[in-house]
Amino acid sequence: MTARIGVVVFPGTNCELDVEYAIQQLGGHTERLWHGDDTTKGVDAVVVPGGFAHGDYLRTGAIARFSPVMHAVGEHAAAGGPVVGICNGFQVLCEADLLPGALQKNAGLKFLCEPAALRVETTSTALTNLAEVGAVLNVPINHFEGNYVCDERTLAELQADERIVVRYVDNPNGSLDDIAGICNAQGNVVGLMPHPERASDPLLGSSDGIVLLKSLIAAATARSTLLV
Amino acid sequence: MPVFNAHVEVTHLPGIADPAGATVERALPALGYTNVAQVHIGKTIKLVVDAPDADTARAQVNEMCERLLANPVIEAYEVVIS
């Protein structure tokens, strides 16, 4: 059975086509998940892609967390299913309490759209299982609110449990401890600000995101095998 | 049921960077205001609540703040009922 990866779409999401295209180019199958439906349609993994879910009104991700699909995504995550939030998707996962902390405005108050060098810090996650610790990947960022923050106790936990998944080599936005992406305690829920799907073809200037997307497909495949 | 006006102010928690406030603080001296410090930018949310009494209205709006209007990880809030 081929693994299926669900791609969540809220009103205002704008990276779903890029994510689907990149996954399909790597041989993965995708399924669109509408925010108003309380189901993940039995997919093996879920991506919450970037954009401006519900217009970013109130706060990024604040309204999206109450969309019916997030209930289903929460159940999928609690059952060990892989979930990856990219950019606005990371913000949504934090608001939904699937990941700790929050993303605040970039230090310097500039919208940043540029390549970023990321160092892989752990491979025990749904997004990095095929990568190598210490590998530096060139993956673009595109955000205004990517400055990760959390309380001291949470940061100590993230560090001690190796839940910081990727760090910026050259911190562009003021993120605490150079954090570009983190995961939950089980490693099946990952959120990151950089966009792997935008580094998935040499034409785009980098294909370093492929190893991350392949890791996600591998996690989904492992999950589909587990469930059969 | 009586109607109460709720005035909610959401601000950054102490220790959380306020880049918008910091940028405005840096801009004000350019206009000659060189005696300004501690600029903080937050948001105001106004709402009208039907409730039996002011305490019930306040408790309900506090709950709204915890669940939606503010993010307790990075924001503080203050509720005034009138």
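Sequence order for the protein chains is A and B. Residues in the first sequence are numbered from 77 upward in steps of one, following my numbering. Residues in the second sequence are numbered from 89 upward in steps of one, following my numbering. By construction, the Cβ of each residue, glycine as well, lies at the ideal position given by its N, Cα and C atoms.
Paired residues, beta bridge with residue i - DSSP
{"i": "A:Asn247", "result": "In the DSSP output, where bridge partners are listed per residue, A:Asn247 has none listed."}
{"i": "A:Cys259", "result": "A:Val266"}
{"i": "A:Pro216", "result": "A:Pro191"}
{"i": "B:Thr99", "result": "B:Ala164"}
{"i": "B:Ile169", "result": "B:Ala94"}
{"i": "A:Gln309", "result": "The first residue shown for chain A is 77 and the last is 304, placing residue 309 of chain A beyond what the model contains."}
{"i": "A:Arg80", "result": "A:His105"}
{"i": "A:Thr89", "result": "A:Gly127"}
{"i": "A:Val196", "result": "A:Val242"}
{"i": "B:Val137", "result": "B:Phe92"}
{"i": "A:Ser282", "result": "A:Asp277"}
Sequence-distant residues of its chain with Cβ nearer than 6 Å to residue i (five each side left out)
{"i": "A:Leu288", "result": "Leu203, Pro272"}
{"i": "A:Asp120", "result": "Ala79, Arg80, Ala296, Arg299, Ser300"}
{"i": "A:Ala211", "result": "Val196"}
{"i": "A:Gly104", "result": "Ile81, Ile293"}
{"i": "A:Leu213", "result": "Leu194, Asp284"}
{"i": "A:Glu345", "result": "This structure does not reach residue 345 of chain A, given that chain A is present from 77 up to 304, and the question cannot be answered."}
{"i": "B:Ser170", "result": "Asn93"}
Contacts around residue i, its chain only, beta-carbon distance under 7 Å, and the 5 residues preceding and following it disregarded
{"i": "A:Pro270", "result": "Ala192, Leu194, Val215, Pro216, Ile217, Ala256"}
{"i": "A:Thr136", "result": "Asn164, Gln167, Leu179, Glu221"}
{"i": "B:Val167", "result": "Ala94, Val96, Arg146, Val149, Asn150, Cys153"}
{"i": "A:Lys181", "result": "Phe220, Glu221, Asn223"}
{"i": "A:Arg141", "result": "Val168, Glu171, Ala172"}
{"i": "A:Ala113", "result": "Position check: residue 113 of chain A holds Asp in this sequence, whereas Ala was assumed. Around A:Asp113: Pro144, Val145."}
{"i": "A:Ile153", "result": "The question names Ile, yet the displayed sequence has Ala at residue 153 of chain A. The answer, listed in chain order, is Val159, Leu174, Asn264, Val265."}
{"i": "A:Val241", "result": "Glu197, Thr198, Thr201, Leu203, Thr204, Gly257, Ile258, Cys259, Val266, Leu268"}
{"i": "A:Gly88", "result": "Gly127, Phe128, Ala129, His130, Gly131"}
{"i": "A:Gln262", "result": "Gly156"}
{"i": "A:Asp246", "result": "Ala193"}
{"i": "A:Ala98", "result": "Glu273, Ser276, Leu289"}
{"i": "B:Ile104", "result": "Ile162"}
{"i": "A:Ala148", "result": "Asp114, Thr115, Thr116"}
8 Å CB neighbourhood of residue i in its chain, flanking five on each side removed
{"i": "A:Cys226", "result": "Pro176, Gly177, Ala178, Leu234, Leu252"}
{"i": "A:Lys290", "result": "Leu102, Leu206"}
{"i": "A:Asp94", "result": "Pro125, His271, Glu273, Arg274"}
{"i": "B:Lys134", "result": "Asn93, Ala94, His95, Val96"}
{"i": "A:Gln100", "result": "Thr106"}
{"i": "A:Gly184", "result": "Asn249, Gly250"}
Contact set between residue i and chain A, taken where Cβ atoms lie within less than 9 Å
{"i": "B:Pro102", "result": "Under the 9 Å cutoff, chain A gives no residues; its nearest Cβ is about 12 Å from B:Pro102."}
{"i": "B:Ile169", "result": "Simply none; closest approach about 21 Å."}
Residue i: contacting residues in chain B (beta-carbon distance under 7 Å)
{"i": "A:Leu185", "result": "Pro107, Ala108, Thr111"}
{"i": "A:Arg135", "result": "Asn159"}
Residues that residue i contacts on chain B, provided the C-beta gap is smaller than 8 Å
{"i": "A:Ala138", "result": "Leu156, Asn159"}
{"i": "A:Glu171", "result": "Asn159"}
{"i": "A:Ala178", "result": "Asn159, Val161, Ile162"}
{"i": "A:Val225", "result": "Ile104, Ala105, Val161, Ile162"}
Interface residues of chain B facing residue i [CB-CB closer than 9 Å]
{"i": "A:Val212", "result": "Within chain B, no residue comes near A:Val212; the closest Cβ sits about 27 Å away, beyond 9 Å."}
{"i": "A:Asn182", "result": "Pro107"}
{"i": "A:Gly250", "result": "Ala105, Pro107"}
Okay, do the stretch 190-202 of chain A and the stretch 104-122 of chain B touch, 3+ Cβ pairs below 8 Å being the bar? no
Closer than 8 Å is the cut-off here; do at least three beta carbon pairs connect the stretch 115-129 of chain B with the stretch 144-162 of chain B? no
Mind listing, in chain order, the continuous beta strand (DSSP E) runs of no fewer than 3 residues lying wholly within the stretch 107-135 of chain B? none
List, from N- to C-terminal side, the beta strand (DSSP E) runs of 3 residues or more that fit wholly inside the stretch 100-164 of chain A. 105-110, 121-124, 159-162
Is the number of C-beta pairs between the stretch 230-250 of chain A and the stretch 128-143 of chain A that are closer than 8 Å three or more? no
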